[in-house]
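Just below is one structure, and these are the notes that go with it.
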Amino acid sequence: MVIERCANEFVIRMPVISQIERLQELVDYFRYIELTSGHNIPQNDVDVLAREINKKWRTEYEDRS
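The opening position of the sequence shown corresponds to residue 22 in this note's numbering, with each subsequent residue numbered one higher.
Below, the structure written as structure tokens:
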């Protein structure tokens with residue numbers, strides 16, 4: 022894996038992996054950091070939102086199974 026700094030961004034290069042879902046989780050986490058930087062949100066609010074999202078995801082996933 023290679024991390025480069027180019028002007029106003031970082032570029033991460035890595036070999037193709039078979040677990041694209043794991044890579045998507047990492048990208049989602051980076052996006053979360055980007056969206057929440059500079060905001061002071063109470064952890065309890067974050068926890069409530071996370072539970073709601075997880076509940077919705079489980080419901081949708083069970084419908085597909």
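Note that the Cβ used here is the ideal one computed from N, Cα and C, for glycine as well. Because the structure is a prediction, the values reported are computed rather than measured.
Open item on the list: Within the continuous alpha helix (DSSP H) that includes Ile24, where are the two ends?
Closed with: Taken as a continuous stretch (DSSP letters only), Ile24 belongs to no alpha helix (DSSP H), being part of the beta strand (DSSP E) at Val23 to Cys27.
- [ ] Let me know the secondary structure DSSP gives Ile10 once reduced to three states.
- [x] Residue 10 lies beyond the range of the chain shown here (22 to 86); nothing can be said about it.
Open item on the list: Can you check which of these residues, Trp78, Tyr53 and Arg79, is closest to Val67 by C-alpha distance?
Closed with: Ranked by Cα distance from Val67, the first of Trp78, Tyr53 and Arg79 is Tyr53.
- [ ] Can you tell me which of the three DSSP states Ile62 falls into?
- [x] coil
Open item on the list: Quick check on the DSSP output: the alpha helix (DSSP H) that includes His45 runs from which residue to which?
Closed with: According to the sequence provided, residue 45 is Gln. The question's His does not apply to it. Element bounds for Gln45: Ile41 to Thr57.
Open item on the list: Please report the distance separating the alpha-carbon of Asn75 from that of Met22.
Closed with: 30 Å
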